[in-house]
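Read through the structure below, which is laid out as C-alpha cells, and then see the notes.
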Amino acid sequence: TQLLEQSPQFLSIQEGENLTVYCNSSSVFSSLQWYRQEPGEGPVLLVTVVTGGEVKKLKRLTFQFGDARKDSSLHITAAQPGDTGLYLCAGSLGYHTGGFKTIFGAGTRLFVKA
Amino acid sequence: NAGVTQTPKFQVLKTGQSMTLQCAQDMNHNSMYWYRQDPGMGLRLIYYSASEGTTDKGEVPNGYNVSRLNKREFSLRLESAAPSQTSVYFCASTMGGWNTEAFFGQGTRLTVV
Chain A
1 TQLLEQSPQF LSIQEGENLT VYCNSSSVFS SLQWYRQEPG EGPVLLVTVV
51 TGGEVKKLKR LTFQFGDARK DSSLHITAAQ PGDTGLYLCA GSLGYHTGGF
101 KTIFGAGTRL FVKA
Chain B
1001 NAGVTQTPKF QVLKTGQSMT LQCAQDMNHN SMYWYRQDPG MGLRLIYYSA
1051 SEGTTDKGEV PNGYNVSRLN KREFSLRLES AAPSQTSVYF CASTMGGWNT
1101 EAFFGQGTRL TVV
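These protein sequence lines map, in sequence, to chains A and B.
For the first sequence, our numbering begins at 1 and goes up steadily by one.
For the second sequence, our numbering begins at 1001 and goes up steadily by one.
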C-alpha cells in the first residue's frame, strides 16, 4: 500500500509566525503537487515539483521536493489569516503499464489567528 | 471560466435510494476522476476515466458506478445508497498522461440517513 503521510495534522498559530508542513512517503514520485482547500470548496493547485531537490517559491510559500523524490515540505513565512485552510500534498506514481496514479495525503489543517 | 462544475452541491438520501452526481469540465481535459473525502482520510479515488470511452476502478469503487458520457462529462451513480457513503464527493480533471495537475469541482456533500 502506498501511503503519503502529512504532518502535523493540525496547526494553530498566530499571525506573523513561520511554519513548515511535511509530506513523507516510502515511494518515489514522478511529481508531487501541493493543494490548498478552503471550507466548502474543492482543492486548488498551488505548485508542482518534479526534480529531486527542487525548490519553488510562491510569494511567502516555499516548496521543496526531497532529493530522493520521496518527501516534500511547505514552508510559510509570516503566516496571515488568509493562509488558513487544509493543505494537501499529492504524489504521482508511474504505472508499469503506462499512465500515472496520484495518491493524496490526509492533509494539514492550518488556522492562523489574527 | 467555469472549470469543473458539479451538481448538486448538497443532497440527502434515504438508505436504499439511488442518485447520480453530475460533473462537467470545459478545459478539454482527457482524464476525469471521482474522489470522496472523509475526515482524517484525505481524498480517496473511487473511479477514474483516463480518456473518453474508458473507465477504471480506483481505491474504493464498491457501491458506485460511473459513465464517461463524452469528453466533457463524467457521472457517478449510487445505485442503493448506504450510510457509509455519507461523504463529500469531488470530481476532478487533468490533461492526462504525465500531467497530473488536477482541477477540482466545488464538491457534493451527500448525507445518507
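Cβ atoms here follow ideal geometry from the backbone N, Cα and C, with glycine treated the same way.
Note that the coordinates shown come from a computational prediction; the quantities given were computed from them, not determined experimentally.
Have a look at residue i and residue j and give me their C-alpha separation to the nearest angstrom.
i: A1102(B); j: S25(A); result: 20 Å
i: V1012(B); j: V1066(B); result: 20 Å
i: A114(A); j: G85(A); result: 14 Å
i: I103(A); j: L45(A); result: 14 Å
i: V50(A); j: T62(A); result: 15 Å
i: S73(A); j: Y35(A); result: 12 Å
i: E1073(B); j: Q37(A); result: 23 Å
i: L1078(B); j: T1100(B); result: 26 Å
i: G1111(B); j: D67(A); result: Before going on, a small fix: residue 1111(B) reads as Thr here, not Gly. So the two alpha carbons sit approximately 43 Å from each other.
i: K70(A); j: K1014(B); result: 43 Å
i: R60(A); j: V47(A); result: 13 Å
i: P81(A); j: Q1037(B); result: 24 Å
i: A1002(B); j: R1068(B); result: 19 Å
i: V1113(B); j: S1018(B); result: 13 Å
i: T1055(B); j: P1083(B); result: 25 Å
i: V112(A); j: Q14(A); result: 6 Å
i: F10(A); j: F1010(B); result: 27 Å
i: G16(A); j: G1040(B); result: 27 Å
i: P1008(B); j: F65(A); result: 37 Å
i: K1071(B); j: E1052(B); result: 5 Å
Compute the beta-carbon to beta-carbon distance between residue i and residue j, rounded to the nearest angstrom, for a pair I have assumed lies under 8 Å.
i: S1080(B); j: G1016(B); result: 5 Å
i: G107(A); j: Q6(A); result: 6 Å
i: L93(A); j: S27(A); result: 6 Å
i: G1063(B); j: V1088(B); result: Contact flag wrong, Cβ pair sits at about 16 Å.
In the DSSP output, which residue or residues are listed as bridge partners for residue i?
i: F948(B); result: Missing from the structure shown is residue 948(B); chain B here goes from 1001 to 1113 and no further.
i: Q1025(B); result: V1004(B)
i: P73(A); result: Per the sequence shown, the amino acid found at residue 73(A) is Ser instead of Pro. According to DSSP, S73(A) bridges with Y22(A), Q64(A).
i: G40(A); result: For G40(A), which the question treats as bridged, DSSP gives no partner whatsoever.
i: Q1037(B); result: L1043(B), V1088(B)
i: E17(A); result: Answer by DSSP bridge pairing: none, since E17(A) is not bridged.
i: K57(A); result: T62(A)
i: K113(A); result: Q14(A)
Would you identify the three-state DSSP class for residue i, choosing helix, strand or coil?
i: G66(A); result: coil
i: D83(A); result: helix
i: Q6(A); result: strand
(Q) Contact between the stretch 1027 to 1047 of chain B and the stretch 1083 to 1101 of chain B is defined here as three or more beta-carbon pairs at a separation below 8 Å; is this criterion met? (A) The stretch 1027 to 1047 of chain B is in contact with the stretch 1083 to 1101 of chain B.
Q) Does the stretch 17 to 24 of chain A touch the stretch 66 to 82 of chain A, meaning 3 or more C-beta pairs lie closer than 8 Å? A) Yes, they touch.
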